[in-house]
Structures are given as structure tokens and as C-alpha cells.
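S.K.:
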Amino acid sequence: MNETSTETLSVIVEREIPYPPEKIWRALTQPHLIEEWLMKNDFKPVVGHRFDLRADWGAVDCQVLAVEPNKTLSYTWGAYGLESVVTWTLTPTGAGTLLRMEQSGFRPDQQQAYQGATGGWQRFVGGLERVVAGLE
Amino acid sequence: MHTTPDTLFKTLADPTRRAIFERLTRDGEQTVRILTDRAGVSQPAVSKHLRILKQAGLVRDRHEGRQTHYSAQLGALAPLIDWTSQMAGFWQSRFDHLEDLLKRMDQ
Numbered sequence: 029m030n031e032t033s034t035e036t037l038s039v040i041v042e043r044e045i046p047y048p049p050e051k052i053w054r055a056l057t058q059p060h061l062i063e064e065w066l067m068k069n070d071f072k073p074v075v076g077h078r079f080d081l082r083a084d085w086g087a088v089d090c091q092v093l094a095v096e097p098n099k100t101l102s103y104t105w106g107a108y109g110l111e112s113v114v115t116w117t118l119t120p121t122g123a124g125t126l127l128r129m130e131q132s133g134f135r136p137d138q139q140q141a142y143q144g145a146t147g148g149w150q151r152f153v154g155g156l157e158r159v160v161a162g163l164e
Numbered sequence: 002m003h004t005t006p007d008t009l010f011k012t013l014a015d016p017t018r019r020a021i022f023e024r025l026t027r028d029g030e031q032t033v034r035i036l037t038d039r040a041g042v043s044q045p046a047v048s049k050h051l052r053i054l055k056q057a058g059l060v061r062d063r064h065e066g067r068q069t070h071y072s073a074q075l076g077a078l079a080p081l082i083d084w085t086s087q088m089a090g091f092w093q094s095r096f097d098h099l100e101d102l103l104k105r106m107d108q
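Protein sequence lines correspond, in order, to chains R and Y. Note that this note's numbering gives residue 160 to position 132 of the first sequence, counting from 1, and the numbers run on in steps of one. Note that this note's numbering gives residue 46 to position 45 of the second sequence, counting from 1, and the numbers run on in steps of one.
1. Apart from the five residues on each side of it in sequence, which residues of its chain come closer than 7 Å, Cβ to Cβ, to R:LEU126?
2. Here's the rule I'm using: 16 or more other beta-carbon atoms within 10 Å means buried, otherwise exposed. How should Y:PHE22 be labelled?
3. Assign Y:GLY41 to one of two classes, buried (16 or more other C-beta atoms within 10 Å of its C-beta) or exposed (fewer than that).
4. For R:ARG55, return the contacting residues in chain Y, with the cut-off set at a CB-CB distance below 9 Å.
5. Per DSSP, what kind of secondary structure is R:ALA123 in: helix, strand or coil?
6. Nearest by alpha-carbon distance to Y:GLU30: which of Y:ALA73, Y:ALA79 and Y:GLY66 is it?
7. Whole alpha helix (DSSP H) runs in the segment 58 to 83 of chain Y with 4 or more residues, listed along the chain?
8. So what does R:ARG128 bridge to, in DSSP terms?
9. When the cut-off is 7 Å and only beta carbons count, does R:GLU130 lie next to chain Y?
10. R:TRP85: buried (16+ other C-beta within 10 angstroms of its C-beta) or exposed?
11. Looking at the C-beta of R:TYR47, does it have a partner C-beta in chain Y at a distance below 7 Å?
12. Report the three-state DSSP secondary structure of R:LEU101 (helix, strand or coil).
13. For R:PHE71, name the three-state secondary structure that DSSP assigns.
14. Can you give me the start and stop residues for the beta strand (DSSP E) that Y:LEU36 sits inside?
15. Can you find the residues in the same chain that come closer than 6 Å, C-beta to C-beta, to R:GLN140, ignoring five residues on each side of it along the sequence?
16. Just how far apart, CA to CA, sit Y:GLN93 and Y:ARG52?
17. DSSP three-state label for R:GLN58, please.
18. Taking the alpha carbon of R:TYR47 as the reference point, which residue from R:SER132, R:THR121 and R:GLU130 has its own alpha carbon closest?
19. Going by DSSP in three states, R:GLU111 sits in which element: helix, strand or coil?
20. What is the DSSP secondary structure of R:GLU64, counted as helix, strand or coil?
21. Would DSSP call Y:ASP7 helix, strand or coil?
22. Go ahead and label Y:PHE96 buried or exposed: buried means 16 or more other beta carbons lie within 10 angstroms of its beta carbon, across all protein chains shown.
23. Take the Cβ of Y:THR32 as the centre, count every other Cβ of all protein chains shown within 10 Å, and call the residue buried at 16 or more, exposed below.
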């Protein structure tokens, strides 16, 4: 499910997946598995670790911001000179896991800016919903 | 005016600047003085933010006597909307690949 029609400056994709969080976590954090569904990489689940995601069309510069095993993973996502932050959230459900990916576009110049910006940016995006609905 | 998503993101990344833009989208046209009263920063700082917003095409100014009135230009947000639809498509397909991988991991 994507919510771009209402969430203008962030992309949210959410899906219930019939596997436990532990298994999905492996796919999100083990380099050889990440390569299978996303891109070639030198990922490590360590806060501050810088890594690249590489594809035919170019590379994405990333840095790990938050790691909470089986629950949440967050990294910066820099491509085409544009900085954003990708945050994965895993929530166990009766049938498996609700996997949520949110990509928020702004420049996390520093960790503090990232933490401060999260709330502010989301408020901003919320406020823009009406406005952008009127654009189309 | 054509503005790249990069410029728009940089312009809107500053919380004070974002608040000024947000106020203009919510309350309509405003003078620098009214914006300054509510921004909690000095008038030169507000003017500087407005100048940067104007460069990004996000606000337009209108002079009336000694006052300058600023209004939000919502059309300037279009590149961000393009960016989010592209990324949403990208992530939807990655979720599909991820689900395929999880199925294979069973075997």
C-alpha cells in the first residue's frame, strides 16, 4: 500500500508479510540477502557504518542511523545529490509481520538535525496534504 | 520556474524556513513584519529565508508601498510529487522481490 497521494514528501510502503520479524530482519540486514531483493552492498548493522548500494544505473550512498534488531532499521539514502532517510519498522501480527518502509526526503546534515527533523517534517507533510490535493 | 528536487529539499530542510512556508500556505499572503512577529527570529533572518524560498520558486513577492507581501507558490512542489511517485514505484517492486526471497529462504 503506498500513500503518496496524501504523504507528499515521504514515501510509505506497508505490507503484511506471512513470516516472523526475525526472518525478515535477516533479509534486511545480511548483505548477500539484501543483494537478492535490493542491490549489491557492503551493509553492516552498525550505527554510523557507511555503505553503498550499487546497481547498473549508479550507486546510493548510505549511512546507518539506527538498529534495533527485529524491530527497526534506519539509514540515510543519498542518490542524485538528494538526501533522504529510509526507515524500516517490523511489527509482529497474528499472521506474520507488518513491514513498513518510510522514506523521508530532507537533508540529515547531522544526527541532531535528523532527530529534530523527523517530527517537524512529518507535521509539515501532514499540513501539506490538503494543499497538494488541491493541486491535482 | 523549474526547480530540482534537490534544491527544494535543501530549501525546506531548515525548520524555520519550513515554518515560514507552511504559514504562507495556511494563512495566505503575509508581510515580512507579520511573519517576523510569529517566527521568533530577527527580521533580517526572516528576509533571508524568504529570499531563499523565492530562489527555489516557493514564494512570490509583491510590493505595495513600502511593504512587501509574500505568498506561497504551491506549483513549485511538483518535482517533489514526481520524486515520491517514482520512489513509491521503486519500493513496491522491491517489496515484491523481498517477498520472493523470503519464500525461497523457506526451501
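The beta-carbon is built from N, C-alpha and C at its ideal position, and this holds for glycine as well. Bear in mind that the values here come from a model prediction, so they are computed numbers and not experimental data.
M.R.: By the coordinates alone:
1. Within the same chain, and ignoring the five residues on either side of R:LEU126 in sequence, the residues whose Cβ sits closer than 7 Å to its Cβ are GLU42, GLU44 and THR119.
2. Buried, by the Cβ-count rule.
3. exposed
4. Checking the sequence, you will find Ala at residue 55 of chain R rather than Arg. Per Cβ cutoff of 9 Å: LEU99, LEU102, LEU103 and MET106.
5. coil
6. Y:ALA73
7. none
8. R:GLU42 and R:THR117
9. no
10. exposed
11. yes
12. Note: R:LEU101 maps to strand in three-state DSSP.
13. coil
14. In the DSSP assignment, Y:LEU36 falls outside any beta strand (DSSP E) and within the unbroken alpha helix (DSSP H) covering 33 to 40.
15. Bear in mind that the predicted position of R:GLN140 carries a pLDDT of just 36, short of 50, making it too unreliable to give a figure here.
16. 38 Å
17. R:GLN58 carries a coil assignment under DSSP once its states are collapsed to helix, strand and coil.
18. R:THR121
19. If DSSP states are grouped into helix, strand and coil, R:GLU111 belongs with the strands.
20. helix
21. helix
22. Under the 10 Å beta carbon count, Y:PHE96 is surrounded by 16 or more other beta carbons and is classified as buried.
23. exposed
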